[in-house]
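Participant:
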DNA sequence: GTCTATATTAGGATAGAC
DNA sequence: GTCTATCCTAATATAGAC
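Residue numbers (my numbering), protein chains in the order written: chain A, 1 to 209; chain B, 1 to 209.
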């Protein structure tokens, strides 16, 4: 593994564990047993490392969102999609845990992050629409735009919330609870026929919590 | 106004506007036209200022929550209660905007913040229970504990979310939208008779957005 | 209580040898 | 590519005069 990539990986791990602002360039170098000078040979500075990590995250999620537009998805695919989005966020969770700070300090990332959030909301709205069109959701009750915003809101703050409420909880459980949470946002709007399906989905996830 | 209080007020304003970590003790002193040395005469340091501000916030909210336990509240009182909680959070919004960072760095505040959140969830759960007992909400559909957590979740992250999505939005609008958001979490569970009331409430708030 | 001046430290970053 | 040594800056904090 090349030093450049090891720097990115080490930085990501430390940022996720300690919080971005509690990790210095020297910390990263120490953790890898290289000198700070060496680190600066590969990257202009800390900001440059973070921007690289953001690019990884951004293109990963963008690809996922694009796929969901192309593929015709079944109801179960929808849950799987939510699940995979959560996993991608988890990998780069420090962007979410220290969101406000990072967006206050790195303007370029802020711009791109906001763009991605809008793209996410739009995609989720389309998913909700498709659930209405297949009559899984009751059209009269649901404002699909409002529901999509609720789901995005949950995706955005689920990890900070869990860190606050259940610090040290394992990765799997956190994500399962997140999917459950989103499912429970949707259930009230489900048609009577599909409500049974949805509620059995709920109980499957509930058993894993 | 005593210098000590002016320091607290100035610090609060700057923290809310610029973010806690972007404001130094020298910034606070400059803004007030006093010397940094003078500031350190009144407070041991930045941490001490923040702890003082947190105490103000904590006791303010705790008092509100206590009142809600004592008083018998009508349906409209409940909305007013949510509204007032939002206002209190807004006054000290930097604790919410930079939540993870502040809780990572100031352990004493972290402890107290978590305790307050638990108290909040408990109080909101009681409110939901009372809505079920007066048959405003459908008992069979709603897990009052789940609903209470959803409402708390919204209270916790509404301001960071609005800053992300609608930066520069006015204070009134943000809070109205927040109340609307919480209302829309509850409406699906409302009994048919009360649903009309709830939905008219919704449209009142909607008109103010 | 308030000021000026200064010490201390930590983090980010560079220069130059190997 | 990597190291050692060093610089620069910003932020916290203190000492001592007024």
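Glycine included, every Cβ here is placed at the ideal spot set by N, Cα and C.
(1) Tell me whether residue 132(B) is buried or exposed, calling it buried when 16 or more other Cβ atoms sit within 10 Å of its Cβ.
(2) Quick one: is residue 153(A) near chain B, going by C-beta distance under 7 Å?
(3) Determine, using beta-carbon pairs with one atom in the segment 5 to 21 of chain A and one in the segment 51 to 64 of chain A, whether at least three such pairs fall under 8 Å.
(4) Going straight from the alpha carbon of residue 89(A) to that of residue 6(A), what length do you get?
(5) With DSSP as the reference, label residue 190(B) as helix, strand or coil.
(6) Between residue 123(A) and residue 69(A), how many whole angstroms is the CB-CB distance? I'm expecting something under 8 Å.
(7) Rounded to the nearest angstrom, what separates residue 8(A) and residue 106(B) at their Cα positions?
(8) Is there at least one Cβ from chain B nearer than 7 Å to residue 191(A)'s Cβ?
(9) Going by C-alpha distance, which of 42(A), 190(A), 28(A) is nearest residue 139(A)?
(10) Under the rule that 16 or more other beta-carbon atoms within 10 Å means buried, what is residue 20(A), buried or exposed?
(11) Give a yes or no on whether the C-beta atoms belonging to residue 182(B) and residue 82(B) are separated by under 7 Å.
(12) Could you give the uninterrupted runs of the alpha helix (DSSP H) lying entirely in the segment 73 to 111 of chain B, keeping only those of 4 residues or more?
(13) Identify the contact partners of residue 36(B) in chain A, using a Cβ-Cβ distance below 8 Å as the criterion.
(14) Could you tell me which residues DSSP pairs with residue 137(A) in its beta bridges?
(15) Count the other C-beta atoms from every protein chain shown that fall within 10 angstroms of the C-beta of residue 167(A), then say buried if there are 16 or more, exposed otherwise.
(16) May I ask whether a heavy atom of the ligand PLP can be found less than 6 Å away from the beta carbon of residue 187(A)?
(17) How big is the Cα-Cα spacing for residue 202(A) and residue 147(B)?
(18) Out of 43(A), 17(A), 16(A), point me to the one whose CA is closest to residue 25(A)'s CA.
(19) Using a C-beta to C-beta distance shorter than 7 Å, which residues of chain B count as neighbours of residue 101(A)?
(20) Taking 7 Å as the CB-CB cut-off, is residue 104(A) touching chain B?
(21) Kindly say whether residue 157(B), judged by its beta-carbon, lies nearer than 7 Å to any beta-carbon of chain A.
(22) Buried or exposed: which applies to residue 151(B), given that a residue is buried once 16 or more other Cβ atoms fall within 10 Å of its Cβ?
(23) Going along chain A in order, which residues have a C-beta closer than 9 Å to the C-beta of residue 117(B)?
(24) Could you tell me the boundaries of the alpha helix (DSSP H) in which residue 60(A) lies?
(25) Taking 8 Å as the limit between beta carbons, can you name the residues of its chain near residue 78(A), skipping five residues before and five after?
(26) Under 9 Å between beta-carbons, which chain B residues line up against residue 146(A)? List them in chain order, please.
(27) Out of 33(A), 196(A), 175(A), which one is the CA nearest neighbour of residue 205(A)?
(28) Quick one: what does DSSP say residue 113(B) is sitting in, helix, strand or coil?
(29) For residue 161(B), would you say it is in contact with chain A, using Cβ-to-Cβ distances shorter than 7 Å as the test?
(30) Can the beta-carbon of residue 153(B) be found closer than 7 Å to that of residue 93(B)?
(31) Would you mind telling me which residues of chain B sit closer than 7 Å to residue 122(A), beta carbon to beta carbon, in chain order?
(32) Buried or exposed for residue 162(B), going by 16 or more other Cβ atoms inside 10 Å?
(33) Residue 33(B) by DSSP, collapsed to three states: which one?
(34) Please list the partners that residue 173(A) has in chain B, where partner means a Cβ-to-Cβ separation under 7 Å.
Facilitator: On the basis of the coordinates in this document:
(1) As a position in the second chain, residue 132(B) is number 132, starting the count at 1. Residue 132(B) is buried by the Cβ-count criterion.
(2) By one-based count along the first chain, residue 153(A) stands at place 153. At least one chain B Cβ lies under 7 Å of residue 153(A).
(3) yes
(4) Residue 89(A) sits at position 89 when you count from the first residue of the first chain. Residue 6(A) sits at position 6 when you count from the first residue of the first chain. One C-alpha to the other measures close to 20 Å.
(5) On the second chain, residue 190(B) is found 190 positions in, with the first residue counted as 1. Three-state result, residue 190(B): strand.
(6) If you number the first chain from 1, residue 123(A) lands on position 123. If you number the first chain from 1, residue 69(A) lands on position 69. Right, their Cβ atoms sit about 7 Å apart.
(7) To locate residue 8(A), count along the first chain from 1; it is residue 8. To locate residue 106(B), count along the second chain from 1; it is residue 106. Cα to Cα, residue 8(A) sits roughly 28 Å from residue 106(B).
(8) The sequence position of residue 191(A) within the first chain is 191, counting from 1. False, the Cβ-Cβ gap to chain B never drops below 7 Å.
(9) In the first chain, counting from the first residue as 1, residue 139(A) sits at position 139. Of the candidates 42(A), 190(A), 28(A), the one whose C-alpha sits nearest the C-alpha of residue 139(A) is 190(A).
(10) If you number the first chain from 1, residue 20(A) lands on position 20. By the 10 Å Cβ count, residue 20(A) comes out buried.
(11) Here residue 182(B) corresponds to residue number 182 of the second chain, with the count starting at 1. Here residue 82(B) corresponds to residue number 82 of the second chain, with the count starting at 1. Cβ distance < 7 Å, so residue 182(B) and residue 82(B) count as in contact.
(12) 75 to 91, 94 to 97, 99 to 105
(13) On the second chain, residue 36(B) is found 36 positions in, with the first residue counted as 1. None at all; the shortest Cβ gap to chain A is about 23 Å.
(14) Here residue 137(A) is taken as the residue at index 137 of the first chain, counted from 1. DSSP output for residue 137(A) lists 190(A) as bridge partner(s).
(15) Start at 1 with the first residue of the first chain, and residue 167(A) comes out as number 167. So residue 167(A) ends up on the exposed side.
(16) Among the components of this structure there are no ligands whatsoever, and the ligand PLP is therefore not found.
(17) Locating residue 202(A) in the first chain gives position 202, where the first residue counts as 1. Locating residue 147(B) in the second chain gives position 147, where the first residue counts as 1. Distance between the alpha carbons of residue 202(A) and residue 147(B) is about 15 Å.
(18) In the first chain, the residue the question calls residue 25(A) occupies position 25. The option with the nearest alpha carbon to residue 25(A) is 43(A).
(19) Within the first chain, the letter at position 101 stands for residue 101(A). Per Cβ cutoff of 7 Å: 19, 21, 98, 101.
(20) Within the first chain, residue 104(A) is the residue found at index 104, counting from 1. Cβ-Cβ to chain B under 7 Å: yes for residue 104(A).
(21) To locate residue 157(B), count along the second chain from 1; it is residue 157. Closer than 7 Å: yes.
(22) Start at 1 with the first residue of the second chain, and residue 151(B) comes out as number 151. Counting Cβ neighbours within 10 Å, residue 151(B) comes out buried, since at least 16 surround it.
(23) The residue you call residue 117(B) lines up with position 117 of the second chain. Under the 9 Å cutoff, chain A gives 164, 165.
(24) Within the first chain, the letter at position 60 stands for residue 60(A). Its alpha helix (DSSP H) spans residues 46 to 70.
(25) Numbered from 1 along the first chain, position 78 holds the residue referred to as residue 78(A). Cβ neighbours of residue 78(A) beyond the five flanking positions: 127, 131.
(26) Within the first chain, numbered from 1, the residue matching residue 146(A) stands at position 146. Within chain B, the residues near residue 146(A) are 181, 184.
(27) Mapped onto the first chain, residue 205(A) falls at position 205. Selected option, being the one with the closest Cα: 175(A).
(28) If you number the second chain from 1, residue 113(B) lands on position 113. Three-state result, residue 113(B): helix.
(29) One-based indexing of the second chain puts residue 161(B) at position 161. Chain A, which has a Cβ nearer than 7 Å to the Cβ of residue 161(B), makes this yes.
(30) Here residue 153(B) is taken as the residue at index 153 of the second chain, counted from 1. Here residue 93(B) is taken as the residue at index 93 of the second chain, counted from 1. Their beta carbons are not under 7 Å apart, which means residue 153(B) does not touch residue 93(B) by this criterion.
(31) The count along the first chain starts at 1 and reaches residue 122(A) at position 122. None at all; the shortest Cβ gap to chain B is about 13 Å.
(32) If you number the second chain from 1, residue 162(B) lands on position 162. Buried, because 16 or more other Cβ atoms sit within 10 Å of the Cβ of residue 162(B).
(33) Sequence index remark: in the second chain, residue 33(B) carries index 33 (1-based). Coil.
(34) Here residue 173(A) corresponds to residue number 173 of the first chain, with the count starting at 1. Near residue 173(A) there are no residues of chain B at all, since even the closest Cβ is about 15 Å away, more than 7 Å.
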